[in-house]
Amino acid sequence: MDSRRLLRIFATALGTAGLLVSGCSSGGSTPSASATGSAVAEELKPYYGQKLRWRDCGVEGFQCTTMKAPLDYGEPDDGDVKLAVSRKKATGPGKRIGSLLVNPGGPGGSAVDYLQGYAGIGYPAPVRARYDVVSVDPRGVARSEPVECLSGKEMDAYTQVDQTPDDEGEVARLSKSFKKFAEGCQKRSGKILPHVSTVETARDMDILRSLLGDERLHYVGASYGTFLGATYAELFPSRVGRLVLDGAMDPSLPAIDINRDQTAGFEGAFQAFAADCVKQAECPLGTTSTADAATALKKLFADLDSEPVPTGEKRQLTESLATTGVVMAMYDEAAWPQLREALAGAQQGDGSGLLSLADNYYEREPSGEYANLMFANAAVNCLDLAPAFTGPGAAEKALPEFEKASPVFGRGFAWAALNCGSWPVAPTGAPHRTEAKGAAPIVVVGTTRDPATPYKWAESLADQLSSGTLLTYEGDGHTAYGRGSDCVDTAINTYLLDGTPPKDGKKCT
1 MDSRRLLRIF
11 ATALGTAGLL
21 VSGCSSGGST
31 PSASATGSAV
41 AEELKPYYGQ
51 KLRWRDCGVE
61 GFQCTTMKAP
71 LDYGEPDDGD
81 VKLAVSRKKA
91 TGPGKRIGSL
101 LVNPGGPGGS
111 AVDYLQGYAG
121 IGYPAPVRAR
131 YDVVSVDPRG
141 VARSEPVECL
151 SGKEMDAYTQ
161 VDQTPDDEGE
171 VARLSKSFKK
181 FAEGCQKRSG
191 KILPHVSTVE
201 TARDMDILRS
211 LLGDERLHYV
221 GASYGTFLGA
231 TYAELFPSRV
241 GRLVLDGAMD
251 PSLPAIDINR
261 DQTAGFEGAF
271 QAFAADCVKQ
281 AECPLGTTST
291 ADAATALKKL
301 FADLDSEPVP
311 TGEKRQLTES
321 LATTGVVMAM
331 YDEAAWPQLR
341 EALAGAQQGD
351 GSGLLSLADN
361 YYEREPSGEY
371 ANLMFANAAV
381 NCLDLAPAFT
391 GPGAAEKALP
401 EFEKASPVFG
411 RGFAWAALNC
421 GSWPVAPTGA
431 PHRTEAKGAA
441 PIVVVGTTRD
451 PATPYKWAES
461 LADQLSSGTL
471 LTYEGDGHTA
481 YGRGSDCVDT
491 AINTYLLDGT
501 PPKDGKKCT
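Start counting the sequence shown at 1; every next residue gets the next number (the working numbering).
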């Protein structure tokens, strides 16, 4: 499984027709005093005292087990959630350091899939030699009592709803689609829906740390996984080991700022793609300038809004699906050749290339079924922060500032930020500075042209964390570790293996 695919899908907040720019969440409920001390609260001792029973996963070299956590940490006697855990034991040589927990982001990405498909076999050999590499699917995700919202056919319809409404009727249909999505989540997953916050998942991670026999948590989190890691550090600063937060989020931002910053981030990523494209002899967006390329892409979107094109199957390529396909390719410059081919096809009446990119983004199977990525994505985001907009009027009012941030994507991203406005569960989190006073050194990684987690977020988080140190990758794409920079990889490997963080402000190319 391609690690870059996992990172660019799992690590973001995006998803057209309601999930665009909403999956990189921040915020979280305030922990109880018992959660932050070194002792374990009496009511949680049964969870910290459970025994893990490891078994073969059916995937060579990996073991699996299930752990329990309280459904509601405020009322631990009200029932449990069962969480799927997997590990790849340290291979040697060298003395085992402990367990290294990994999370690929989302929220909604399967950490177990990420471990078995990439981290457990693709992380640098010296790291895998000295750590048991471990993952847990967060509550509400994949194998851990997944949130469910819509059937495959309903999700197909949802992803095709016009995300750039032109009149009151289209605004009403978009709003209705968000409401139907939220109602589906409540109907199918009402029990767990109030209990999938980032704070609760971070507390689950501490139970797992203890069950693995580690005094401190060693962790690598990408994108949303950085917010999860920072939340853990805030809750349990004395239990922080070696934490790498790659593609960092800024927990101090409200939802509207997150959405607007990401809008600008994707505009920057498109500009980088366009600058490269116009140098190619067969660039489908022209060979003159990035401005002309943007105009050509906007024209394609407008044409598809008026008349979708065939894809070789029952679904046609709509503007909303085309936008998702383009956004998908912005996460990694390695996808730019595929995007050029897909755009050329769409211009010639063949929408199959962009549809394939969109399906990859949504984790839609050929059977028409969807993974629960987008369902969990919304459930966590809408619980962690108050919605960016509570109604269509607020979204419409914000259109100018979003279109200023991105002439190409701004209108659609603004309307997509309305998705939490109909959520059936009140948010439990709020934006706040995260300092984690007393924690061991934490490495925060930022990529200068990262579309989904803008570089300034990494600067901000590193500044907020009392022990944060900033490592910069000057380049394109989402996240930096394992993406081709020897400088970045060496700095992080050194930190993970001997505990020495890079010098604050270190820059890599």
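A virtual CB, placed ideally from N, CA and C, is assigned to each residue, including glycine.
Item	Value
Entirely enclosed beta strand (DSSP E) segments - the region 53 to 83, minimum 3 residues	63 to 70
S356, enclosing alpha helix (DSSP H) - first and last residue	352 to 362
Reference C414; option with closest CA among P165, C277, T201	Correcting the residue identity first, residue 414 is Ala in this sequence and not Cys. Nearest of P165, C277, T201 to A414, Cα basis: P165.
Backbone secondary structure at A35 - three-state DSSP	With a pLDDT of 39 at A35, under the threshold of 50, the modelled position of this residue cannot be trusted, and the question is left open.
Alpha-carbon spacing of M67 relative to I258, whole angstroms	33 Å
Buried versus exposed call for T288 [16 or more other C-beta atoms within 10 Å across all chains shown]	exposed
Validate contact between the region 426 to 444 and the region 233 to 249 using beta carbons, cut 8 Å, 3 pairs	yes
Where P93 falls, given that 16 or more other Cβ within 10 Å makes a residue buried	exposed
E341, enclosing alpha helix (DSSP H) - first and last residue	336 to 347
Boundaries of the beta strand (DSSP E) in which I519 is found, first to last residue	Missing from the structure shown is residue 519; the chain here goes from 1 to 509 and no further.
For L470, the residue or residues it bridges with in DSSP	V444
Status (buried if at least 16 other CB within 10 Å, exposed otherwise) for A264	buried
Straight-line Cα distance separating G410 from A342	22 Å
Inter-residue CB distance, C149 and G184 (contact presumed, cutoff 8 Å)	4 Å
Cβ pair G108, N360 closer than 8 Å	no
Contacts around S177, its chain only, beta-carbon distance under 6 Å, and the 5 residues preceding and following it disregarded	Y158, V161
Among Y48, G505, P194, the one whose alpha carbon lies nearest that of A462	G505
Between the CA atoms of F266 and A473 - distance to the nearest angstrom	Here residue 473 turns out to be Tyr, not Ala, going by the sequence shown. If I take the Cα positions, the gap works out to 17 Å.
Residue-level contact to chain D via CB, S289, 8 Å cutoff	Looking at the structure shown, chain D is missing, and only one protein chain is on hand.
Contact under 8 Å by Cβ, L212 with G221	no
Neighbourhood of T448 by C-beta distance below 8 Å, restricted to the same chain and skipping five residues each side	Y455, T472, Y473, E474, G475
At least 3 beta-carbon pairs within less than 8 Å: the region 186 to 198 vs the region 140 to 154	yes
8 Å Cβ cutoff met for P251 and H432	yes
Simplified DSSP state of H195, which is helix, strand or coil	helix
Proximity to T390 [Cα-Cα], best of L418, Y232, A296	L418
Start and end residues, alpha helix (DSSP H) containing S189	168 to 189
DSSP state of V380 mapped onto helix, strand, coil	helix
Start and end residues, alpha helix (DSSP H) containing K299	290 to 306
Distance cut-off 7 Å: T323 Cβ against heavy atoms of the ligand HEM	Among the ligands in the structure shown, none appear at all, so the ligand HEM cannot be discussed.
Sequence-distant residues of the same chain with beta carbon closer than 7 Å to S34, five excluded per side	In this prediction, S34 has a pLDDT of 37, which is less than 50 and means its spatial position is unreliable; what the coordinates show is noted afterwards. Excluding residues within five positions, the ones whose Cβ falls inside 7 Å are A41.
Counterpart residues of A222 in DSSP-defined beta bridges	D246
CB of V309 within 8 Å of CB of D350, strictly	yes
Exposure of K88, with buried meaning 16 or more beta-carbon neighbours within 10 Å	buried
L193 vs V425 beta-carbon contact at 8 Å	yes
Where L44 sits in the DSSP three-state scheme	helix
Exposed unless 16 or more other CB atoms sit within 10 angstroms - verdict on F10	Low local confidence applies: a pLDDT of 37 at F10 is under 50, so the model's placement there is unreliable, with the coordinate-based value given in what follows. By the 10 Å Cβ count, F10 comes out buried.
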